[in-house]
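Report on the structure given below.
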Amino acid sequence: EKKRDFEGKKVLVTAGPTREPLDPVRYITNRSSGKMGYEIAKALVERGAQVILISGPTYIEVPKDVTFIPVETAVDMYNAVMMHLNEVDIVIGAAAVSDYRPKEMKKEKIKKDEEKLTIELVKNPDIMYEVGQKKGNKISIGFAAETTNLVEYAQRKLKEKNMDLIVANDVTQKGAGFEVDTNIIKIIDRDLNVKEYPLMTKIEASHVILDEIAKLL
Ligand code: PMT
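Each residue of the sequence shown is one higher than the one before, starting from 183 at the first, in the UniProt record's numbering.
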């Protein structure tokens, strides 16, 4: 018997990687499979929420009963999130958004004429930062994917992005982070208190995260 503790709540979830085109056949991306964000979306539906899932390109099945908005680039994801921000109560940023994009997308395929090729990158908008600026009394929850100084960097992101909770995962640990069906998470609150959890499936981790969010409702 599942709790329906998110009944009446509208939640926006971002998931997956973004894809930043270099030319018509190539792009820069990262290892995110979308699993973590999609499991959170499913757990929310089970617990009664109305869910908007904004996702970069993935190879996994779209969860049932969500409003699904597929996007490609970080700028696309930013625009989609801003478009829907006003209608939601909670924002969960599980997406691995590319921090940079190629300055220009070449119209034609880049040819291998040069011995060295330099690609100029420019900064992408920070979606969860903007959410933090505009959120009013909405609740925002981010993730931090780190390879070192996990708790310190996560706490810094929570503060900078005005988040209510941040879920930190050390992506160098076996069974944690990108691609796998499991995760090892730490949940940090606004007082910078850290709760540590053992290895769990991403389904179990999602319910643990929702239990912590529910306490803030
Ligand atoms: O998709 P999976 O294969 O299941 O992998 C899960 C995951 C590792 C992708 C997930 O657990 C995770 O950690 N997601 C966040 C990855 C990330 O981009 O972390 P970050 O530390 O770079 O970003 C911090 C927060 O700001 C995140 O909530 C991110 O969504 C957000 N962000 C970052 C950059 C940006 N330009 N805009 C953002 O909104």
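We put the CB at the ideal spot given by N, CA and C, even for glycine. Owing to the predicted nature of the structure, the values given are computational and were not obtained by experimental measurement.
query, result
"Hey, which unbroken runs of the beta strand (DSSP E) at 3 residues or more fall wholly within the stretch 248–311?", "249–252, 272–275, 282–284 and 303–305"
"Along the beta strand (DSSP E) that carries residue 336, what are the first and last residues, could you check?", "Where residue 336 is concerned, there is no enclosing beta strand (DSSP E), although the alpha helix (DSSP H) it sits in stretches over 332–342."
"Let's test the definition: count the other Cβ atoms within 10 Å of the Cβ of residue 202 and tell me whether it reaches 16, buried, or not, exposed.", "buried"
"Does the structure place the stretch 359–368 close enough to the stretch 377–391 that three or more beta carbon pairs sit under 8 Å?", "yes"
"What's the C-alpha gap between residue 249 and residue 222?", "14 Å"
"Could you tell me how far apart the beta carbons of residue 240 and residue 198 are, in whole angstroms, since I believe they sit closer than 8 Å?", "5 Å"
"Output yes or no for whether 8 Å exceeds the beta carbon distance between residue 283 and residue 304.", "yes"
"Between residue 323 and residue 274, which are expected to be in contact by the criterion C-beta below 8 Å, what is the C-beta distance as a whole number of angstroms?", "5 Å"
"Please state the DSSP three-state secondary structure of residue 363.", "coil"
"Would DSSP call residue 187 helix, strand or coil?", "coil"
"Report yes if the C-beta distance between residue 327 and residue 359 is below 8 Å; otherwise report no.", "yes"
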